[in-house]
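Each remark here refers to the structure printed beneath this line.
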Ligand code: G4P
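Numbering (the numbering used here), first residue to last: 71 to 369.
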């Protein structure tokens, strides 16, 4: 499928409310000290929204690799190094686990060290730290904010001069500004679109399930052939097949046949995507860090 074909479907994955969210983020940038962009640790680059990169470029920012419990630990380390080498703050967490909030708190304090020191000198040591929390849909923003806020969760009143419609959450010394999940208009590649669909950020009905499964299988062939072979008992020759043939092989092995002995490739595709989402293949990261240009671009 060409990029043009993917982009023709923009309207479905970039609904009006997302354009509104981008405007809301931009309008509120002046009201915060730091921006936390949540990324999915399994696809850090595909989940990095270029529109958000652009909108936040003049603010201190921190990248939070969430769902690290589902990702490959060695690649998560590599990704953290990648961001750090590009001069960006980065912390890996699992928002579902206790302890993630304090990890993020200390990373924020590191990121805002200068500001906090300046405030202390001016006698404003107790000033509140205002944090905007952004990310793509389903990245775990609500889970993270609930964990960060714990029992103390409370909605702060709308502040003067702040656009209404988004939500402030007050936690101790922090004010978190919770923004709705947002995607961007044009994906650079089918790989990015499929990665976002694998993790449930784009609705399944936008990309064909067989296309999705093909994308998933071909990435697995590149990144984790051994996990694919192990899960579906594939021989080295079978593993070398094209993605479509491989889906047929896996479907046949699972007995997913229709009359005439043909493989029910739709059922096999649904099963593959479901098993990936349910972490049946173990801890997986689909992207390895590239050279540093993406983050450096707008530093
Ligand atoms: P959002 O606000 O960014 O849209 O995401 P949300 O917090 O609703 O999280 C989306 C899904 O991801 C939820 O699963 C949530 O439990 C899961 N999740 C969030 N953070 C983590 C994490 O660090 N690790 C893992 N393994 N999962 C995480 P769900 O199935 O949609 O809901 P639920 O059944 O868990 O409530």
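Where a beta carbon is used, it is the ideal one built from N, C-alpha and C, also for glycine.
Everything numeric in this text was worked out from a predicted model, so none of it was measured.
Do residue i and residue j have their CB atoms nearer than 8 angstroms?
{"i": "residue 218", "j": "residue 252", "result": "no"}
{"i": "residue 135", "j": "residue 156", "result": "no"}
{"i": "residue 167", "j": "residue 133", "result": "no"}
{"i": "residue 238", "j": "residue 121", "result": "no"}
{"i": "residue 356", "j": "residue 206", "result": "no"}
{"i": "residue 191", "j": "residue 109", "result": "no"}
{"i": "residue 352", "j": "residue 338", "result": "no"}
{"i": "residue 266", "j": "residue 116", "result": "yes"}
{"i": "residue 189", "j": "residue 195", "result": "yes"}
{"i": "residue 96", "j": "residue 130", "result": "no"}
{"i": "residue 270", "j": "residue 347", "result": "yes"}
{"i": "residue 302", "j": "residue 323", "result": "yes"}
{"i": "residue 264", "j": "residue 286", "result": "yes"}
{"i": "residue 291", "j": "residue 309", "result": "yes"}
{"i": "residue 380", "j": "residue 145", "result": "The requested residue 380 is not part of the displayed model; the chain covers only 71 to 369."}
{"i": "residue 119", "j": "residue 247", "result": "no"}
{"i": "residue 204", "j": "residue 249", "result": "yes"}
{"i": "residue 279", "j": "residue 336", "result": "yes"}
{"i": "residue 349", "j": "residue 94", "result": "no"}
For the ligand G4P, any of its heavy atoms closer than 7 angstroms to the Cβ of residue i?
{"i": "residue 140", "result": "yes"}
{"i": "residue 136", "result": "yes"}
{"i": "residue 209", "result": "yes"}
{"i": "residue 394", "result": "Any answer about residue 394 is impossible in this case: the structure gives the chain only from 71 up to 369."}
{"i": "residue 213", "result": "yes"}
{"i": "residue 205", "result": "yes"}
{"i": "residue 164", "result": "yes"}
Could you tell me how far apart the beta carbons of residue i and residue j are, in whole angstroms, since I believe they sit closer than 8 angstroms?
{"i": "residue 327", "j": "residue 334", "result": "6 angstroms"}
{"i": "residue 340", "j": "residue 297", "result": "Not confirmed; about 19 angstroms, so no contact."}
{"i": "residue 138", "j": "residue 158", "result": "The Cβ separation is near 17 angstroms, so there is no contact."}
*Is it a yes or a no for the segment 141–152 touching the segment 167–177, going by three-plus beta-carbon pairs under 8 angstroms?*
Fewer than three beta-carbon pairs drawn from the segment 141–152 and the segment 167–177 are found closer than 8 angstroms, and the two stretches are therefore not classed as touching.
*Evaluate contact between the segment 192–205 and the segment 96–108, counting only Cβ atoms and requiring at least three cross-stretch pairs below 8 angstroms.*
Output reads yes: the segment 96–108 touches the segment 192–205.
_Touching by the beta-carbon criterion (3+ pairs, under 8 angstroms), the segment 303–317 and the segment 253–260_ = No, because fewer than three Cβ pairs between the segment 303–317 and the segment 253–260 fall closer than 8 angstroms, the two stretches do not touch.
_Please give me, in chain order, every unbroken run of the alpha helix (DSSP H) with length at least 4 that falls completely inside the segment 197–224._
Counting whole runs of 4 or more residues, the segment 197–224 contains the alpha helix (DSSP H) stretches 211–219.
*Hey, which unbroken runs of the alpha helix (DSSP H) at 4 residues or more fall wholly within the segment 78–158?*
Counting only runs of 4 or more, we get 80–83, 86–98, 120–125, 143–155.
_Start-end ranges of the alpha helix (DSSP H) lying completely within the segment 322–347, minimum 4 residues_ = The segment 322–347 contains these whole alpha helix (DSSP H) runs: 335–347.
*Start-end ranges of the alpha helix (DSSP H) lying completely within the segment 233–269, minimum 4 residues*: Listed in chain order, the complete alpha helix (DSSP H) runs (minimum 4 residues) inside the segment 233–269 are 260–268.
*Could you name each continuous alpha helix (DSSP H) segment of 4 residues or more that falls completely within the segment 156–192, going from the start of the chain to the end?*
The qualifying runs are 170–181, 183–191.
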